[in-house]
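Colleague: Those sequence lines, one after another, are chains A and B.
Okay, so the first sequence: first residue is 1 according to the UniProt record's numbering, each after it adds one.
Okay, so the second sequence: first residue is 1 according to the UniProt record's numbering, each after it adds one.
In this text, a Cβ means the ideal position worked out from N, Cα and C, and glycines have one as well.
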Amino acid sequence: MTMTDVRVAPPAPEPEEVTDRARHERRLGLTLSAPAFLVMVFVTAYPLIYAVVLSLYNYRLTDPEGREFVGLRNYATVLTDSVWWSDFVTTLIITVASVAIELVLGFAFAFVMYRIIQGRSLVRTGILIPYGIVTVVSAYIWQFAFQLDSGFVNQWFGLGDFNFFGQRWSALFVIILSEIWKTTPFISLLLLAGLVQVPEEYQEAARVDGATPWQRLWRVTLPNMKAAIMVALLFRTLDAWRIFDNPFIMTRGANNTETLSFLAYRQNVTLVNLGTGSAVSVLLFLTVVIIAFIFVKGFRTDLSQVRGDR
Amino acid sequence: MATDRKVSNWWTVWGLLILVWALFPLLWMVSLSFKDPDTFRSGEPTFFPKDWVWDNYRTVFTDSLFTSALRNSVGIALIATLLAVIVAMFAAYAIARMDFPGKKFLLGMALAIAMFPQAALVGPLFNMWRNLGIYDTWLGLIIPYLTFALPLSIWTMSAFFRQIPWEMEQAAQVDGATAWQAFRRVIVPLAAPGVFTTAILTFFFCWNEFLLAISLTSTDRARTVPAALSFFTGASQFESPITYIMAASVVVTIPVVILVLLFQRRIMAGLTAGAVKG
Chain A
1 MTMTDVRVAP
11 PAPEPEEVTD
21 RARHERRLGL
31 TLSAPAFLVM
41 VFVTAYPLIY
51 AVVLSLYNYR
61 LTDPEGREFV
71 GLRNYATVLT
81 DSVWWSDFVT
91 TLIITVASVA
101 IELVLGFAFA
111 FVMYRIIQGR
121 SLVRTGILIP
131 YGIVTVVSAY
141 IWQFAFQLDS
151 GFVNQWFGLG
161 DFNFFGQRWS
171 ALFVIILSEI
181 WKTTPFISLL
191 LLAGLVQVPE
201 EYQEAARVDG
211 ATPWQRLWRV
221 TLPNMKAAIM
231 VALLFRTLDA
241 WRIFDNPFIM
251 TRGANNTETL
261 SFLAYRQNVT
271 LVNLGTGSAV
281 SVLLFLTVVI
291 IAFIFVKGFR
301 TDLSQVRGDR
Chain B
1 MATDRKVSNW
11 WTVWGLLILV
21 WALFPLLWMV
31 SLSFKDPDTF
41 RSGEPTFFPK
51 DWVWDNYRTV
61 FTDSLFTSAL
71 RNSVGIALIA
81 TLLAVIVAMF
91 AAYAIARMDF
101 PGKKFLLGMA
111 LAIAMFPQAA
121 LVGPLFNMWR
131 NLGIYDTWLG
141 LIIPYLTFAL
151 PLSIWTMSAF
161 FRQIPWEMEQ
171 AAQVDGATAW
181 QAFRRVIVPL
191 AAPGVFTTAI
201 LTFFFCWNEF
211 LLAISLTSTD
221 RARTVPAALS
231 FFTGASQFES
241 PITYIMAASV
251 VVTIPVVILV
261 LLFQRRIMAG
271 LTAGAVKG
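Below, the structure written as structure tokens:
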């Protein structure tokens, strides 16, 4: 009797031992994540603070002796300069156009990948290639396709000697096209992950109630994918907002195609004007914070949907 | 049945169109890389070369600008990937299995860094790296690559690690295995696919990076292929570098295509695991 009792009874937890184990677990958890934490602080948080400090000085590497404290004057210089606003608008155009088109196209791709039976893995493999390709390579491929002396586009579409890189809008068109080609796969895979989670029973119920396919899409599928759509949008918007490679390769910023990241690069690295350059860096960072804030508060994007944050 | 098959055929047709959209630009790249560098430019360029020549490939592989960049790219991407995966593996293991203060903060920080505009850091990093003497070195690129790859690695791996039935480790120990044997024989085989998938995604990121590569290097000591491509000029100043650039582009695209062909399923699982709850 007693033997059975002992075996059945759950092992009595000793409170002291549990706290001990919890403390041990805490310490181990902190130790294991410390390297990741330290690396991230050293390479992002510290330089960002350094940029804030530098932005308060008039400091050119070409004239280190002339370094002086100027307060917020660098910010005033940047914000009253038409270059900042022109680059801001260019970045905005590229972001809005590419993200909007990618969302529609990405959804269409996701839907096809969801429904296709024959050739399913072929399509899924093919779509990953633009995702993996080097952005600089993508920029060159599209540039050379549209360029007058090397490209086939003008021949195929009978555009004669129209120079795509000769003015702002057509140059932005090619930049956006390259951006869309390269990044739609990513957005479509995120949307596909959301799509497979929409319960099939909902679709069935709507079908029984006589909903048309179009109604099912708008009333059943999309509302049930809202979280996945918002996360995909947030990620892609912030990714598009820091666009650098495509305009740098294709136009070097000519004809008002310079973006904010490009401006930060040019001020800091090309002109080694670290005072003004840092002000641009800090402002660029603030724009990203504002966009993220709008998504999280304004559009109620649920970031706990992002895996890892339980 | 017949209509079902018809509908399914339509999806296949759409799938083929997606495939054309995804692969057509690659065909153009390959075609351009085989054109004759002396004669490919004309008033009416064609899609395919008139004569297919290997000259461009011969040129890029004898050009030290490209060969040293290729060596830098391979070395930097592999080392940064290896380090990122190791550092992220510890953090992901802790996140998936343990409760500790600052866990939410770590994840929040990773999320913030994933959205961070790298261009905001080129100025301070440029200055810091020059002071530390690691400007224009492998280390100078490996450190930031490792950092910016960490968020993706941590998410992806912690998502994979959560799916591991950890109680199997105890079960093995009950069956008489030592702690090390249990870990080695049971946990490692279960965790390996997630770690490997993360490594592929991290490698893509490092292989692709351009902004830091042109900002933190100045010579062929550490310049990677994307950076070197933007400095390509023809063999002489009268020659256009277009066909060489495309040949070099084909070369750096080959590893991407091979990885995608071999590990399509894993890459898909990794991309979605890291981003959205599934």
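(1) Closest Cβ-Cβ distance between Trp14/B and chain A: below 8 Å?
(2) Measure the CB-CB distance between Leu32/B and Thr253/B and report whether it falls below 8 Å.
(3) Identify every residue that forms a DSSP beta bridge with Asn58/A.
(4) For Thr198/B and Val85/B, which I take to be in contact (beta-carbon distance under 8 Å), what is that distance rounded to the nearest angstrom?
(5) On the three-state DSSP scale, how would you describe Asp87/A?
(6) Shortest alpha-carbon distance to Gly253/A belongs to which of Thr276/A, Gln167/A, Leu191/A, Ile229/A?
(7) Whose CA, out of Ala228/B, Ser215/B, Val30/B, Trp10/B, lies closest to the CA of Thr270/A?
(8) CA-CA distance, Arg27/A and Lys103/B?
(9) So that I know if they touch, is there some Cβ in chain A lying closer than 8 Å to that of Thr253/B?
(10) Hey, is Ala110/A's beta-carbon within less than 8 Å of any beta-carbon in chain B?
(11) Just to confirm my understanding: we take Ser98/A, look at its own chain, exclude 5 residues before and 5 after, and list those with CB closer than 6 Å. What are they?
(12) Assuming Met157/B contacts Glu25/A (C-beta within less than 8 Å), just tell me the rounded distance between them.
(13) Beta-carbon separation of Leu201/B and Ile267/B under 8 Å?
(14) Identify whether Asp245/A lies in helix, strand or coil by the three-state DSSP scheme.
(15) Listing by chain order, which chain B residues have their CB less than 8 Å from the CB of Pro223/A?
(16) Which of helix, strand or coil does DSSP assign to Asp20/A?
(17) Counting beta carbon pairs with one atom in the region 225-232 of chain A and one in the region 243-262 of chain A, are three or more of them shorter than 8 Å?
(18) How about Arg60/A and Gly66/A: are their beta carbons less than 8 Å apart?
(19) Assign Asp63/A to one of three DSSP states: helix, strand, or coil.
(20) Given that Thr272/B touches chain A, what residues does it touch there, using C-beta distances under 7 Å?
(21) Can you tell me the Cβ-Cβ gap for Val174/A and Ser230/B, rounded? I've got them flagged as a contact below 8 Å.
(22) Once the 5 residues before and after Thr276/A are set aside, which same chain residues still bring their CB inside 7 Å of it?
(23) Would you call the region 178-193 of chain B and the region 118-133 of chain B in contact, with 3 or more CB pairs under 8 Å?
(24) Nearest chain A C-beta to Asp55/B closer than 8 Å, yes or no?
(25) Taking beta-carbon pairs under 8 Å, can you tell me which members of the region 52-84 of chain B lie near chain A?
(26) Under a three-way DSSP split, which group does Asn224/A fall into?
(27) Quick one: is Gln155/A near chain B, going by C-beta distance under 8 Å?
(28) Counting contacts by CB-CB distance shorter than 8 Å, is Lys103/B in contact with chain A?
(29) By the three-class DSSP mapping on this structure, what secondary structure does residue 395/A have?
(30) The region 83-98 of chain B: which residues have C-beta closer than 8 Å to a C-beta of chain A, in chain order?
(31) Listing by chain order, which chain B residues have their CB less than 7 Å from the CB of Asn268/A?
Modeller: Let's see:
(1) Interface residue, yes.
(2) In this structure, Leu32/B sits away from Thr253/B, with a CB-CB distance that is not shorter than 8 Å.
(3) Looking at the DSSP output, Asn58/A shares a beta bridge with Glu68/A.
(4) Separation of the CB atoms of Thr198/B and Val85/B is rounded to 6 Å, and the pair is thereby assigned contact status at 8 Å.
(5) For Asp87/A, the secondary structure class from DSSP, reduced to helix, strand or coil, is helix.
(6) Checked all of Thr276/A, Gln167/A, Leu191/A, Ile229/A; the closest Cα to Gly253/A is Gln167/A.
(7) Thr270/A has its Cα closest to that of Ser215/B, out of Ala228/B, Ser215/B, Val30/B, Trp10/B.
(8) Distance between the alpha carbons of Arg27/A and Lys103/B: 12 Å.
(9) At a cut-off of 8 Å, the C-beta of Thr253/B has a neighbouring C-beta in chain A.
(10) So no, Ala110/A is outside the interface.
(11) Within the same chain, Ser98/A has close Cβ partners Ile176, Glu179, Ile180, Ala240.
(12) The Cβ separation is near 19 Å, so there is no contact.
(13) Contact flag set, yes.
(14) In this structure, Asp245/A counts as helix in the three-state DSSP scheme.
(15) Under the 8 Å cutoff, chain B gives no residues; its nearest Cβ is about 16 Å from Pro223/A.
(16) Note: Asp20/A maps to helix in three-state DSSP.
(17) Short answer: they don't touch.
(18) Going by C-beta atoms, Arg60/A is nearer than 8 Å to Gly66/A.
(19) In this structure, Asp63/A counts as strand in the three-state DSSP scheme.
(20) Here the neighbours are Leu189, Leu190, Ala193.
(21) The beta carbons of Val174/A and Ser230/B sit about 17 Å from each other, so the pair does not count as a contact at 8 Å.
(22) If we look at Thr276/A and ignore the five residues flanking it on each side, its Cβ neighbours are Asn74, Thr77, Val78, Gln267.
(23) As far as the Cβ criterion goes, the region 178-193 of chain B does not touch the region 118-133 of chain B, which means the pair count is below three.
(24) Asp55/B does not count as touching chain A.
(25) Considering only beta carbons, no part of the region 52-84 of chain B lies closer than 8 Å to chain A.
(26) Of the three classes helix, strand and coil, the one that applies to Asn224/A here is helix, per DSSP.
(27) Yes, Gln155/A lies at the interface with chain B (some Cβ there is under 8 Å from its Cβ).
(28) Taking CB atoms only, Lys103/B has a neighbour in chain A less than 8 Å away.
(29) In the structure displayed, chain A extends from 1 to 310; residue 395/A sits before or after that span and is not available.
(30) Within the region 83-98 of chain B, the qualifying residues are Val87, Ala88, Phe90, Ala91, Tyr93, Ala94, Ile95, Met98.
(31) Result: Val122, Gly123, Phe126.
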